[in-house]
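Asker: Below you'll find the structure I mean.
Chains as they are written, first to last, in our numbering: chain A, 1 to 338; chain B, 1001 to 1130.
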């Protein structure tokens, strides 16, 4: 019997996560086809050209504020949400988990730290609900989304911007600021896609963000003495395609992060270039390949988000059918065993 | 909706709260965009004074290419990109290595049975392959 990670997301959180994902992907594709047009000219053309991408970007920006404006009060107004926020406080264990992860990757530790477990194999009490990486994601996302929304609103309408700042140059500085901040977010999302798409036990996608808690099949945790390791992972079978896909995705993620990071650092946007476009820096094939690999991983994220939702529909259907079969509360194993 | 009903405020309140928060979201987003768009949506064209000396179109570009404060702000952001980029790169590589170790512990593919994404299934009992 396998041990699944606990479904952690409520139904609303599942919907929020998917909508946020599509919204942010739309923002990335439109925003960076403009900012890194040297490398992503094809994306701009694909999305409908200069005018269209900016319209889509604004529309998605509006959607982002709407989603955040909905979810933050929802989180704050529920006892459970406030409890989760309280759990975000970093602890010493999180530091240790980070170090142990490095030791584990290098082969010097036998297991990942409980605060790092994606593949839990523990009851909920034993493993914190938010991994140390999850905490980092929550912090970075909060800061980034706030800064991106504020700077995005400041450059929404350049003529209105003149009321806040006296020169167009100031407005352009905020355009550069906005674009550069977004790169941090983008690099983080690339990592997020790799982290949750290529864990060998969950590959090709970790379902906890797609199947809500209420629909996650019950878990039969084998007794401690029947497990060979703390997680029971050795009972699971690896998918045959995991090896090469993970090699490709890992390389694409690493090169994509490097490409976007280098482009953001070396392309100049401020002081304002005379032709008013972000550019300069090492414009060459290597950088173009790196950036396009990053976009490839983002596109993979779109596919995986869709796939996760398909699996949720499937799981819901299966749950429904197995309930109809037994006509009773099916308990732990029905959905797992079918 | 039983999953939300175990939240503190009970079943009926959750739907209401979701509805209220949805309204808050719409109001916040619409209000902010409306505000930065200069209030009601009417067309506002900047007036043209056609000389650089008169502060006309293009004058602010030619005189305002840089402001030290913003140059530093952008530089600071680039530094943040560098730090975040290296950290994220490390995380990607570290997870890649960790995933490889985890994969090595799992049963090799091809032994029948499917696990993971579909919700997990038991590997055949006695299938202690490899």
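Idealized CB from N, CA, C, for every residue including glycine.
1) Buried or exposed: which applies to residue 205/A, given that a residue is buried once 16 or more other Cβ atoms fall within 10 Å of its Cβ?
2) Let me know the secondary structure DSSP gives residue 121/A once reduced to three states.
3) With a threshold of 9 Å between beta carbons, is residue 90/A in contact with chain B?
4) Kindly identify the DSSP beta-bridge partner or partners of residue 237/A.
5) DSSP state of residue 149/A, grouped into three classes?
6) Using the beta-carbon count (16 or more within 10 Å), is residue 129/A buried or exposed?
7) Go ahead and label residue 83/A buried or exposed: buried means 16 or more other beta carbons lie within 10 angstroms of its beta carbon, across all protein chains shown.
8) List, in order along the chain, the chain B residues whose C-beta lies closer than 7 Å to that of residue 101/A?
9) Between residue 244/A and chain B, is any beta-carbon pair separated by less than 9 Å?
10) Does the beta carbon of residue 1025/B sit closer than 9 Å to a beta carbon anywhere in chain A?
11) Is it right to say residue 139/A is buried, meaning 16 or more other beta carbons lie within 10 angstroms of its own, or is it exposed?
12) Count Cβ pairs between the region 301–315 of chain A and the region 50–69 of chain A that sit closer than 8 Å; are there 3 or more?
13) Should residue 120/A be flagged as near chain B, meaning a C-beta pair shorter than 9 Å?
14) Using a threshold of 9 Å, state whether the C-beta atoms of residue 1029/B and residue 46/A are closer than that.
15) From residue 981/B to residue 322/A, what does the alpha carbon distance come to, in whole angstroms?
16) Beta-carbon within less than 7 Å of residue 178/A's beta-carbon, same chain only, minus the 5 sequence neighbours each way: which residues are those?
17) Here's a check: name, in chain order, each residue in its chain whose Cβ is nearer than 7 Å to the Cβ of residue 18/A, leaving out the five neighbours to either side.
18) Compute the distance between the beta-carbons of residue 64/A and residue 14/A, then report whether it is under 9 Å.
19) Please go through the same chain and pick out, in chain order, the residues whose beta-carbon is closer than 8 Å to the beta-carbon of residue 324/A, but skip the five residues on each side of it.
20) Closer than 8 Å by beta-carbon distance: list the chain A residues that pair up with residue 1016/B, in chain order.
21) Can you list, in chain order, the residues of its chain with a C-beta nearer than 8 Å to that of residue 58/A? Leave out the 5 residues immediately preceding and following it.
22) Does DSSP put residue 156/A in a helix, in a strand, or in coil?
23) Listing by chain order, which chain A residues have their CB less than 8 Å from the CB of residue 1019/B?
24) How about residue 33/A and residue 44/A: do their beta carbons lie closer than 9 Å?
25) Do you know how far the Cα of residue 39/A is from the Cα of residue 340/A?
26) My assumption, with CB atoms under 8 Å, is that residue 199/A sits in contact with residue 1070/B. Please give the rounded CB distance.
27) State the Cα-Cα distance for the pair residue 214/A and residue 10/A, rounded to the nearest angstrom.
28) Residue 1085/B touches chain A at which residues, Cβ-Cβ below 9 Å?
29) According to the neighbour-count rule (16 or more other Cβ atoms, all chains shown, within 10 Å of its Cβ), is residue 28/A buried or exposed?
30) Residues of chain B with CB under 7 Å from residue 177/A, in chain order?
31) Report yes or no: do three or more beta-carbon pairs, one from the region 287–300 of chain A and one from the region 250–260 of chain A, lie closer than 8 Å?
32) Is it true that the CB of residue 180/A sits closer than 9 Å to the CB of residue 1077/B?
33) Rounded to whole angstroms, how far is the Cβ of residue 103/A from the Cβ of residue 1109/B, which I believe are closer than 8 Å?
34) Can a CB atom of chain B be found closer than 9 Å to the CB of residue 73/A?
35) Using a Cβ-Cβ distance cut-off of 9 Å, determine whether residue 309/A contacts chain B.
36) Any beta-carbon of chain B closer than 9 Å to the one on residue 96/A?
Answerer: Judging by the given coordinates:
1) Per the 10 Å Cβ criterion, buried.
2) Residue placement at residue 121/A is flagged as unreliable, the pLDDT there being 46, under the threshold of 50; the coordinate-derived value follows with that caveat. The answer is coil: DSSP assigns residue 121/A none of H, G, I, E or B.
3) With 9 Å as the cut-off, residue 90/A does not count as an interface residue toward chain B.
4) Partner(s): 1107/B.
5) Helix, per DSSP.
6) Exposed, because fewer than 16 other Cβ atoms sit within 10 Å of the Cβ of residue 129/A.
7) Exposed: under 16 other Cβ atoms inside 10 Å.
8) Neighbours of residue 101/A on chain B, chain order: 1094, 1098.
9) So, not an interface residue.
10) Chain A has a Cβ within less than 9 Å of the Cβ of residue 1025/B.
11) With fewer than 16 other beta carbons inside 10 angstroms of its own, residue 139/A counts as exposed.
12) No contact exists between the region 301–315 of chain A and the region 50–69 of chain A.
13) With a pLDDT of 45 at residue 120/A, under the threshold of 50, the modelled position of this residue cannot be trusted; read the value that follows with caution. Using a CB distance cut-off of 9 Å, residue 120/A does not count as an interface residue toward chain B.
14) If you check the CB distance, residue 1029/B and residue 46/A do not come in under 9 Å.
15) Given a span of 1001 to 1130 for chain B in the structure shown, any question on residue 981/B remains unanswerable.
16) For residue 178/A, where only same-chain residues beyond five positions count, the Cβ hits under 7 Å are 148, 151, 152, 155.
17) So the qualifying residues of the chain are 305, 309.
18) In this structure, residue 64/A sits away from residue 14/A, with a CB-CB distance that is not shorter than 9 Å.
19) Nothing meets the Cβ criterion.
20) The contact set of residue 1016/B on chain A, defined by CB atoms closer than 8 Å, is empty, because the minimum CB distance reaches about 10 Å.
21) Within the same chain, 156 come within 8 Å of residue 58/A by CB-CB distance, once the 5 residues on both sides are set aside.
22) Taken through DSSP and simplified to helix, strand or coil, residue 156/A comes out as coil.
23) Chain-ordered listing is empty here: chain A has no CB closer than 8 Å to the CB of residue 1019/B, the nearest sitting near 10 Å.
24) At the C-beta level, residue 33/A and residue 44/A come within 9 Å of one another.
25) No statement about residue 340/A is possible, as the shown extent of chain A runs from 1 to 338 and does not include it.
26) Not confirmed; about 42 Å, so no contact.
27) Cα to Cα, residue 214/A sits roughly 7 Å from residue 10/A.
28) Per Cβ cutoff of 9 Å: 183, 184, 187, 257, 258, 260, 261, 262, 264, 265.
29) Residue 28/A should be labelled buried.
30) Under the 7 Å cutoff, chain B gives 1073, 1074, 1077.
31) Yes: at least three Cβ pairs fall under 8 Å.
32) Cβ atoms of residue 1077/B and residue 180/A: closer than 9 Å.
33) At roughly 28 Å, the Cβ-Cβ gap does not stay under 8 Å, so residue 103/A and residue 1109/B are not in contact.
34) Judged by the 9 Å Cβ criterion, residue 73/A is in contact with chain B.
35) For residue 309/A, not one C-beta of chain B is nearer than 9 Å to its own C-beta.
36) So no, residue 96/A is outside the interface.
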